[in-house]
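Numbering (our numbering), first residue to last: 4 to 436. Every residue gets a Cβ at the ideal spot worked out from N, C-alpha and C, and that includes glycine. Because the structure is a prediction, the values reported are computed rather than measured.
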(Lines of atoms letter the chains of each structure in order from A and count residues from 1; the text may use other names and numbers.)
(Lines give C-alpha, C1' and ligand atoms only; values in the text may rest on other atoms or scores of the structure.)
Protein backbone atom coordinates (compact mmCIF):
# COMPACT_ATOMS: atom_id res chain seq x y z
CA UNK A 1 0.00 0.00 0.00
CA UNK A 2 1.44 3.34 -1.00
CA UNK A 3 1.73 6.21 1.48
CA UNK A 4 -0.39 9.26 0.77
CA UNK A 5 0.80 12.85 0.35
CA UNK A 6 2.13 15.03 -2.49
CA UNK A 7 5.27 13.84 -4.28
CA UNK A 8 8.60 15.55 -3.28
CA UNK A 9 10.07 17.85 -5.96
CA UNK A 10 13.19 16.49 -7.55
CA UNK A 11 16.22 18.56 -8.64
CA UNK A 12 17.07 17.69 -12.17
CA UNK A 13 20.51 16.38 -13.09
CA UNK A 14 21.14 19.45 -15.30
CA UNK A 15 20.41 21.82 -12.38
CA UNK A 16 22.82 19.97 -10.10
CA UNK A 17 25.55 20.16 -12.74
CA UNK A 18 24.95 23.90 -13.12
CA UNK A 19 25.30 24.50 -9.37
CA UNK A 20 28.50 22.45 -9.27
CA UNK A 21 29.91 24.37 -12.25
CA UNK A 22 29.19 27.74 -10.58
CA UNK A 23 30.83 26.59 -7.34
CA UNK A 24 33.95 25.34 -9.14
CA UNK A 25 34.15 28.63 -11.09
CA UNK A 26 34.06 30.69 -7.89
CA UNK A 27 36.77 28.59 -6.28
CA UNK A 28 38.89 28.84 -9.43
CA UNK A 29 38.49 32.64 -9.50
CA UNK A 30 39.56 32.86 -5.86
CA UNK A 31 42.66 30.68 -6.43
CA UNK A 32 43.65 32.66 -9.53
CA UNK A 33 43.23 35.93 -7.60
CA UNK A 34 45.58 34.71 -4.86
CA UNK A 35 48.19 33.76 -7.50
CA UNK A 36 47.73 36.88 -9.64
CA UNK A 37 47.54 39.38 -6.76
CA UNK A 38 49.46 37.85 -3.82
CA UNK A 39 50.02 41.22 -2.14
CA UNK A 40 46.32 41.95 -1.74
CA UNK A 41 44.48 40.88 1.43
CA UNK A 42 42.26 37.83 1.33
CA UNK A 43 38.50 38.30 1.33
CA UNK A 44 35.77 35.79 2.12
CA UNK A 45 33.86 36.81 -1.02
CA UNK A 46 36.22 36.84 -4.03
CA UNK A 47 33.73 38.08 -6.59
CA UNK A 48 33.56 41.89 -5.86
CA UNK A 49 37.39 42.37 -5.70
CA UNK A 50 37.85 40.50 -8.96
CA UNK A 51 35.20 42.59 -10.66
CA UNK A 52 36.75 45.74 -9.22
CA UNK A 53 40.05 44.88 -10.89
CA UNK A 54 38.30 45.06 -14.24
CA UNK A 55 37.20 48.64 -13.63
CA UNK A 56 38.84 51.54 -15.48
CA UNK A 57 42.06 52.95 -14.06
CA UNK A 58 42.00 56.60 -12.96
CA UNK A 59 41.78 58.95 -15.91
CA UNK A 60 44.30 61.66 -16.77
CA UNK A 61 42.14 64.33 -15.09
CA UNK A 62 42.31 62.30 -11.85
CA UNK A 63 46.09 61.98 -12.19
CA UNK A 64 46.51 65.73 -12.74
CA UNK A 65 44.46 66.44 -9.63
CA UNK A 66 46.59 63.98 -7.67
CA UNK A 67 49.81 65.66 -8.88
CA UNK A 68 48.55 69.08 -7.78
CA UNK A 69 47.56 67.68 -4.40
CA UNK A 70 50.87 65.97 -3.55
CA UNK A 71 53.10 68.74 -4.96
CA UNK A 72 52.24 70.87 -1.94
CA UNK A 73 53.74 68.15 0.29
CA UNK A 74 56.67 66.94 -1.82
CA UNK A 75 58.06 70.09 -3.46
CA UNK A 76 59.25 71.88 -0.25
CA UNK A 77 61.82 69.16 0.66
CA UNK A 78 63.13 69.20 -2.95
CA UNK A 79 65.99 71.57 -3.79
CA UNK A 80 67.60 72.70 -7.04
CA UNK A 81 71.42 72.74 -6.70
CA UNK A 82 73.60 74.67 -9.12
CA UNK A 83 76.78 72.76 -9.91
CA UNK A 84 80.07 74.36 -10.80
CA UNK A 85 83.26 72.97 -12.27
CA UNK A 86 86.64 74.56 -12.86
CA UNK A 87 86.73 76.12 -16.29
CA UNK A 88 89.22 74.82 -18.83
CA UNK A 89 90.30 78.40 -19.49
CA UNK A 90 90.89 80.78 -16.60
CA UNK A 91 90.00 80.45 -12.93
CA UNK A 92 86.31 81.32 -13.25
CA UNK A 93 84.03 78.44 -12.20
CA UNK A 94 81.37 77.57 -14.76
CA UNK A 95 77.80 76.71 -13.84
CA UNK A 96 77.58 73.27 -15.41
CA UNK A 97 74.15 71.96 -14.50
CA UNK A 98 71.25 72.07 -12.09
CA UNK A 99 70.45 68.87 -10.22
CA UNK A 100 67.75 67.90 -7.71
CA UNK A 101 68.46 67.25 -4.06
CA UNK A 102 66.18 65.95 -1.31
CA UNK A 103 66.28 67.03 2.32
CA UNK A 104 66.74 64.08 4.64
CA UNK A 105 67.38 66.30 7.66
CA UNK A 106 66.71 69.96 8.38
CA UNK A 107 70.18 71.00 7.17
CA UNK A 108 71.29 68.00 5.09
CA UNK A 109 70.25 66.93 1.59
CA UNK A 110 71.18 63.98 -0.59
CA UNK A 111 71.99 64.31 -4.30
CA UNK A 112 73.83 62.60 -7.15
CA UNK A 113 77.12 64.22 -8.24
CA UNK A 114 78.54 62.37 -11.23
CA UNK A 115 81.38 63.39 -13.53
CA UNK A 116 82.36 62.50 -17.05
CA UNK A 117 85.30 60.12 -17.33
CA UNK A 118 88.54 62.00 -16.70
CA UNK A 119 86.81 65.19 -15.54
CA UNK A 120 86.72 66.74 -12.10
CA UNK A 121 83.68 66.11 -9.93
CA UNK A 122 81.19 69.00 -10.13
CA UNK A 123 80.39 70.69 -6.81
CA UNK A 124 77.32 72.61 -5.63
CA UNK A 125 77.73 76.39 -5.69
CA UNK A 126 78.19 77.88 -2.19
CA UNK A 127 77.34 74.57 -0.46
CA UNK A 128 79.62 72.20 1.45
CA UNK A 129 79.82 68.57 0.33
CA UNK A 130 79.90 66.61 3.59
CA UNK A 131 80.75 63.27 1.96
CA UNK A 132 80.57 61.56 -1.44
CA UNK A 133 80.73 57.93 -2.55
CA UNK A 134 83.27 57.82 -5.36
CA UNK A 135 81.83 54.70 -6.99
CA UNK A 136 78.21 55.86 -7.32
CA UNK A 137 78.45 59.65 -7.04
CA UNK A 138 75.87 59.79 -4.22
CA UNK A 139 76.66 62.76 -1.95
CA UNK A 140 75.31 64.47 1.14
CA UNK A 141 75.54 68.27 1.22
CA UNK A 142 74.96 70.93 3.84
CA UNK A 143 71.97 73.14 2.97
CA UNK A 144 70.32 76.15 4.66
CA UNK A 145 68.22 74.89 7.60
CA UNK A 146 64.50 74.39 7.07
CA UNK A 147 61.93 72.01 8.56
CA UNK A 148 62.11 68.67 6.72
CA UNK A 149 59.71 65.81 7.42
CA UNK A 150 61.35 62.40 7.24
CA UNK A 151 60.69 60.86 3.80
CA UNK A 152 58.25 57.96 3.80
CA UNK A 153 59.93 55.12 1.90
CA UNK A 154 58.01 52.94 -0.55
CA UNK A 155 59.38 49.47 -1.09
CA UNK A 156 59.41 48.82 -4.86
CA UNK A 157 57.96 45.49 -5.91
CA UNK A 158 57.66 43.60 -9.14
CA UNK A 159 54.73 45.41 -10.74
CA UNK A 160 52.04 43.20 -12.22
CA UNK A 161 50.47 46.08 -14.13
CA UNK A 162 51.66 49.50 -15.38
CA UNK A 163 51.33 52.57 -13.19
CA UNK A 164 52.40 56.19 -12.94
CA UNK A 165 55.24 57.45 -10.75
CA UNK A 166 56.01 61.08 -9.94
CA UNK A 167 59.46 62.38 -10.94
CA UNK A 168 61.17 65.54 -9.67
CA UNK A 169 61.91 68.21 -12.26
CA UNK A 170 64.30 71.09 -11.44
CA UNK A 171 65.32 74.30 -13.17
CA UNK A 172 66.48 77.78 -12.24
CA UNK A 173 62.81 78.63 -11.80
CA UNK A 174 62.32 76.04 -9.05
CA UNK A 175 61.17 72.46 -8.55
CA UNK A 176 58.09 70.56 -9.69
CA UNK A 177 56.76 67.05 -10.21
CA UNK A 178 55.68 65.34 -13.39
CA UNK A 179 53.99 61.97 -13.92
CA UNK A 180 55.94 59.27 -15.76
CA UNK A 181 54.38 56.07 -17.05
CA UNK A 182 56.29 53.02 -15.83
CA UNK A 183 55.50 49.75 -17.55
CA UNK A 184 57.33 47.42 -15.16
CA UNK A 185 59.91 47.12 -12.40
CA UNK A 186 62.36 44.23 -12.23
CA UNK A 187 65.07 43.76 -9.56
CA UNK A 188 68.71 43.20 -10.47
CA UNK A 189 72.04 43.30 -8.63
CA UNK A 190 74.33 46.32 -9.04
CA UNK A 191 78.05 46.30 -8.19
CA UNK A 192 78.07 50.11 -8.15
CA UNK A 193 75.45 50.27 -5.39
CA UNK A 194 76.31 46.97 -3.66
CA UNK A 195 72.62 46.01 -3.45
CA UNK A 196 69.56 45.42 -5.60
CA UNK A 197 68.17 48.12 -7.85
CA UNK A 198 65.01 48.16 -9.99
CA UNK A 199 65.29 48.27 -13.77
CA UNK A 200 62.54 49.94 -15.82
CA UNK A 201 61.84 49.72 -19.57
CA UNK A 202 64.50 51.40 -21.73
CA UNK A 203 62.19 54.12 -23.07
CA UNK A 204 60.98 55.27 -19.64
CA UNK A 205 61.49 59.03 -19.25
CA UNK A 206 63.65 59.02 -16.10
CA UNK A 207 66.47 61.57 -15.86
CA UNK A 208 69.47 60.31 -13.89
CA UNK A 209 69.57 61.99 -10.48
CA UNK A 210 65.83 62.71 -10.27
CA UNK A 211 63.87 61.61 -7.20
CA UNK A 212 60.90 59.36 -7.82
CA UNK A 213 57.68 59.25 -5.78
CA UNK A 214 54.47 57.24 -5.85
CA UNK A 215 51.11 58.89 -6.51
CA UNK A 216 50.49 58.49 -2.76
CA UNK A 217 53.47 60.72 -1.97
CA UNK A 218 55.89 58.04 -0.77
CA UNK A 219 59.55 58.17 -1.86
CA UNK A 220 60.11 55.38 -4.40
CA UNK A 221 63.83 56.08 -4.86
CA UNK A 222 66.49 57.79 -6.97
CA UNK A 223 66.68 57.55 -10.77
CA UNK A 224 70.04 56.12 -11.85
CA UNK A 225 71.57 54.50 -14.92
CA UNK A 226 72.38 50.80 -15.12
CA UNK A 227 73.98 49.17 -18.17
CA UNK A 228 72.87 52.08 -20.35
CA UNK A 229 69.22 52.01 -19.34
CA UNK A 230 67.18 53.76 -16.62
CA UNK A 231 66.75 52.21 -13.19
CA UNK A 232 65.63 53.17 -9.68
CA UNK A 233 67.67 52.87 -6.50
CA UNK A 234 65.02 52.04 -3.85
CA UNK A 235 64.23 54.68 -1.23
CA UNK A 236 65.47 52.59 1.68
CA UNK A 237 68.80 52.06 -0.09
CA UNK A 238 69.12 55.83 -0.72
CA UNK A 239 68.52 56.59 2.96
CA UNK A 240 70.89 53.85 4.13
CA UNK A 241 73.66 55.07 1.81
CA UNK A 242 73.18 58.70 2.92
CA UNK A 243 73.27 57.73 6.60
CA UNK A 244 76.45 55.71 5.99
CA UNK A 245 78.12 58.70 4.31
CA UNK A 246 77.17 60.97 7.21
CA UNK A 247 78.48 58.43 9.69
CA UNK A 248 81.72 57.42 7.93
CA UNK A 249 82.46 60.42 5.71
CA UNK A 250 84.47 60.29 2.49
CA UNK A 251 87.50 58.04 2.34
CA UNK A 252 90.85 58.74 0.76
CA UNK A 253 91.18 56.81 -2.47
CA UNK A 254 93.60 54.04 -3.32
CA UNK A 255 95.47 53.34 -6.55
CA UNK A 256 96.88 50.33 -8.39
CA UNK A 257 98.18 52.10 -11.49
CA UNK A 258 96.43 49.74 -13.90
CA UNK A 259 94.14 50.30 -16.90
CA UNK A 260 91.89 47.51 -18.15
CA UNK A 261 89.28 46.79 -20.79
CA UNK A 262 86.59 44.08 -21.02
CA UNK A 263 87.78 40.78 -22.44
CA UNK A 264 86.31 40.14 -25.89
CA UNK A 265 85.78 36.58 -27.17
CA UNK A 266 88.47 36.95 -29.82
CA UNK A 267 91.06 38.27 -27.34
CA UNK A 268 89.97 35.69 -24.77
CA UNK A 269 90.81 32.83 -27.13
CA UNK A 270 94.38 34.12 -27.50
CA UNK A 271 94.75 34.99 -23.80
CA UNK A 272 93.39 31.62 -22.66
CA UNK A 273 90.58 33.13 -20.57
CA UNK A 274 86.79 33.18 -20.81
CA UNK A 275 85.99 36.21 -18.67
CA UNK A 276 87.40 39.13 -16.72
CA UNK A 277 89.30 42.33 -17.49
CA UNK A 278 92.45 42.36 -19.61
CA UNK A 279 95.26 44.71 -18.55
CA UNK A 280 96.03 47.36 -21.17
CA UNK A 281 98.44 49.58 -19.23
CA UNK A 282 100.61 49.30 -16.12
CA UNK A 283 101.96 52.55 -14.71
CA UNK A 284 105.67 52.11 -13.98
CA UNK A 285 105.21 54.22 -10.82
CA UNK A 286 102.27 52.18 -9.49
CA UNK A 287 101.96 49.31 -6.99
CA UNK A 288 101.32 46.82 -9.81
CA UNK A 289 104.41 47.77 -11.83
CA UNK A 290 106.46 44.66 -10.96
CA UNK A 291 103.65 42.15 -10.65
CA UNK A 292 101.16 42.70 -13.49
CA UNK A 293 101.92 42.92 -17.20
CA UNK A 294 99.91 44.04 -20.19
CA UNK A 295 97.66 41.16 -21.49
CA UNK A 296 97.20 39.69 -17.98
CA UNK A 297 93.52 38.83 -17.46
CA UNK A 298 92.15 39.72 -14.01
CA UNK A 299 89.33 37.22 -13.39
CA UNK A 300 88.56 37.90 -9.71
CA UNK A 301 89.50 40.20 -6.82
CA UNK A 302 89.34 38.74 -3.31
CA UNK A 303 87.33 35.80 -4.69
CA UNK A 304 84.72 38.12 -6.25
CA UNK A 305 84.40 37.60 -9.99
CA UNK A 306 85.11 40.70 -12.10
CA UNK A 307 82.36 40.03 -14.63
CA UNK A 308 82.02 43.50 -16.17
CA UNK A 309 83.80 46.84 -16.36
CA UNK A 310 81.24 48.15 -13.85
CA UNK A 311 82.43 45.54 -11.31
CA UNK A 312 86.05 46.64 -11.83
CA UNK A 313 85.35 50.38 -11.64
CA UNK A 314 83.19 50.03 -8.52
CA UNK A 315 85.92 48.02 -6.78
CA UNK A 316 88.67 50.45 -7.77
CA UNK A 317 86.58 53.48 -6.73
CA UNK A 318 86.21 52.08 -3.22
CA UNK A 319 89.91 51.29 -2.77
CA UNK A 320 91.81 53.03 0.01
CA UNK A 321 95.58 53.28 0.37
CA UNK A 322 96.88 50.25 2.25
CA UNK A 323 94.12 47.85 1.16
CA UNK A 324 95.51 44.36 0.51
CA UNK A 325 94.11 42.63 -2.58
CA UNK A 326 94.31 39.06 -3.86
CA UNK A 327 93.96 39.03 -7.65
CA UNK A 328 93.17 35.85 -9.54
CA UNK A 329 95.06 36.38 -12.80
CA UNK A 330 95.41 34.35 -15.96
CA UNK A 331 98.68 34.94 -17.83
CA UNK A 332 98.93 33.27 -21.24
CA UNK A 333 96.43 30.65 -20.10
CA UNK A 334 98.15 29.91 -16.78
CA UNK A 335 96.23 30.75 -13.59
CA UNK A 336 98.06 32.44 -10.75
CA UNK A 337 97.31 34.50 -7.65
CA UNK A 338 98.91 37.91 -7.28
CA UNK A 339 98.81 39.92 -4.05
CA UNK A 340 98.95 43.70 -4.17
CA UNK A 341 98.69 46.55 -1.71
CA UNK A 342 96.95 49.67 -2.97
CA UNK A 343 98.98 52.86 -2.81
CA UNK A 344 97.95 56.49 -2.51
CA UNK A 345 97.08 58.16 -5.81
CA UNK A 346 99.97 60.26 -7.15
CA UNK A 347 99.81 63.96 -6.44
CA UNK A 348 98.87 66.06 -9.45
CA UNK A 349 101.89 67.87 -10.87
CA UNK A 350 102.33 71.57 -10.16
CA UNK A 351 103.09 72.27 -13.82
CA UNK A 352 100.27 71.83 -16.34
CA UNK A 353 100.09 68.19 -17.41
CA UNK A 354 99.26 67.35 -21.00
CA UNK A 355 98.44 63.80 -19.93
CA UNK A 356 98.76 62.00 -23.26
CA UNK A 357 100.41 58.73 -24.20
CA UNK A 358 100.86 58.91 -27.98
CA UNK A 359 102.23 57.04 -30.95
CA UNK A 360 102.89 58.29 -34.44
CA UNK A 361 100.43 57.64 -37.25
CA UNK A 362 102.56 58.29 -40.37
CA UNK A 363 101.11 60.80 -42.85
CA UNK A 364 98.07 61.24 -40.59
CA UNK A 365 99.14 62.64 -37.23
CA UNK A 366 99.23 61.19 -33.72
CA UNK A 367 97.16 58.34 -32.30
CA UNK A 368 96.17 58.72 -28.64
CA UNK A 369 96.89 55.57 -26.63
CA UNK A 370 95.96 56.86 -23.17
CA UNK A 371 94.60 60.01 -21.51
CA UNK A 372 95.45 60.66 -17.85
CA UNK A 373 92.40 61.52 -15.71
CA UNK A 374 92.30 65.16 -14.64
CA UNK A 375 94.91 66.22 -17.21
CA UNK A 376 94.66 69.10 -19.68
CA UNK A 377 93.87 66.63 -22.46
CA UNK A 378 91.05 65.05 -20.42
CA UNK A 379 89.54 68.46 -19.68
CA UNK A 380 89.68 69.28 -23.39
CA UNK A 381 87.70 66.14 -24.21
CA UNK A 382 90.45 64.14 -25.94
CA UNK A 383 89.87 60.38 -25.66
CA UNK A 384 91.94 57.24 -26.14
CA UNK A 385 91.64 56.14 -29.77
CA UNK A 386 91.45 59.69 -31.13
CA UNK A 387 93.81 60.72 -33.91
CA UNK A 388 95.21 64.26 -33.64
CA UNK A 389 95.49 65.65 -37.18
CA UNK A 390 96.17 69.29 -36.25
CA UNK A 391 97.52 71.19 -33.25
CA UNK A 392 97.78 74.95 -33.50
CA UNK A 393 99.08 75.53 -37.02
CA UNK A 394 100.87 72.19 -37.32
CA UNK A 395 99.22 69.65 -39.61
CA UNK A 396 99.89 65.92 -39.21
CA UNK A 397 102.01 66.50 -36.08
CA UNK A 398 104.36 64.02 -34.45
CA UNK A 399 104.12 63.17 -30.72
CA UNK A 400 107.08 65.46 -30.01
CA UNK A 401 105.42 68.35 -31.86
CA UNK A 402 102.19 67.92 -29.88
CA UNK A 403 104.13 68.07 -26.60
CA UNK A 404 106.23 71.09 -27.66
CA UNK A 405 103.18 72.99 -28.93
CA UNK A 406 101.37 72.45 -25.63
CA UNK A 407 104.35 73.55 -23.52
CA UNK A 408 104.94 76.64 -25.69
CA UNK A 409 101.37 77.95 -25.63
CA UNK A 410 100.59 80.80 -23.17
CA UNK A 411 98.67 79.86 -20.01
CA UNK A 412 95.67 81.99 -20.99
CA UNK A 413 95.48 81.00 -24.66
CA UNK A 414 94.34 77.45 -25.52
CA UNK A 415 95.36 75.61 -28.65
CA UNK A 416 92.91 74.45 -31.29
CA UNK A 417 93.24 70.71 -31.85
CA UNK A 418 91.81 68.83 -34.82
CA UNK A 419 90.72 65.31 -33.88
CA UNK A 420 89.37 62.35 -35.83
CA UNK A 421 87.20 60.04 -33.73
CA UNK A 422 85.99 57.06 -35.72
CA UNK A 423 84.38 58.50 -38.84
CA UNK A 424 83.75 61.93 -37.27
CA UNK A 425 85.97 65.01 -37.12
CA UNK A 426 86.07 67.50 -34.26
CA UNK A 427 87.91 70.63 -33.12
CA UNK A 428 88.75 70.94 -29.41
CA UNK A 429 90.34 73.65 -27.25
CA UNK A 430 93.41 72.43 -25.34
CA UNK A 431 94.48 74.78 -22.55
CA UNK A 432 96.69 74.70 -19.48
CA UNK A 433 93.98 75.86 -17.07
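The secondary-structure analysis by DSSP pairs residue 285 across a beta bridge with 261. In the three-state DSSP reduction, residue 385 falls in the coil class, being neither helix nor strand. The beta carbons of residue 291 and residue 271 sit no closer together than 8 Å. When 136, 132, 424 are compared, the shortest CA-CA separation from residue 385 is found for 424. Contact between residue 221 and residue 156 holds, since their C-beta atoms are separated by about 7 Å, short of 8 Å. DSSP places residue 362 in the strand class (E or B) of the three-state scheme. Separation of residue 427 and residue 396 (C-alpha to C-alpha, rounded to the nearest whole angstrom) is 20 Å. DSSP, read as helix, strand or coil, puts residue 87 in strand. Of the candidates 203, 153, 214, the residue whose Cα lies closest to the Cα of residue 173 is 214. Under the DSSP definition of a beta bridge, residue 100 partners with 86.
Closest in alpha carbon position to residue 307, among 398, 24, 328, 420, is 328.
Annotated as distal: residue 399 and residue 422, with beta-carbon spacing of 8 Å or more. Secondary structure of residue 81 (DSSP, three-state): strand.
If you draw a 10 Å sphere on the C-beta of residue 81, you find 16 or more other C-beta atoms in it, and that means buried. Taking all protein chains in view, the Cβ of residue 266 is crowded by 16 or more other Cβ atoms within 10 Å, so the residue is classified as buried. By the neighbour-count criterion, in which 16 or more other beta carbons inside 10 Å mark a residue as buried, residue 24 falls on the exposed side. Relative to the Cα of residue 176, the nearest Cα in the group 158, 83, 369, 344 belongs to 83. Under the three-state reduction of DSSP output, residue 237 falls in the strand class. Counting other Cβ atoms within 10 Å of its Cβ, residue 255 stays below 16 and is therefore classed as exposed. Here residue 196 carries a coil assignment [DSSP, helix/strand/coil]. Taking C-beta atoms as the reference points, residue 236 and residue 200 count as a pair closer than 8 Å. For residue 75, the closest alpha carbon among the candidates 179, 411, 349 is that of 179. Residue 141 sits close to residue 244, with the two beta carbons spaced by under 8 Å. Here residue 436 carries a coil assignment [DSSP, helix/strand/coil].
The Cβ atoms of residue 101 and residue 85 sit closer than 8 Å to each other.
In this model, residue 280 and residue 335 are separated by some 14 Å (Cα to Cα). Taken through DSSP and simplified to helix, strand or coil, residue 321 comes out as coil. Just so you know, the alpha carbons of residue 409 and residue 185 end up roughly 50 Å apart. Annotation: residue 167 to residue 240 spans about 21 Å, alpha carbon to alpha carbon.
Shown here for residue 340: same chain residues with a beta carbon closer than 8 Å to its own, the five before and five after excluded, namely 329, 330, 331, 332 in chain order. Note on geometry: alpha-carbon atoms of residue 208 and residue 238 lie some 19 Å from one another. In the three-state reduction of the DSSP assignment, residue 350 falls in the coil class, being assigned neither a helical nor a strand state.
For the pair residue 356 and residue 379, the CB atoms are nearer than the 8 Å cut-off.
Counting the other CB atoms within 10 Å of its CB gives residue 233 a total of 16 or more, which places it among the buried residues.
Here residue 174 carries a strand assignment [DSSP, helix/strand/coil]. Distance from the Cα of residue 194 is smallest, within the candidate group 370, 230, 35, 263, for 230.
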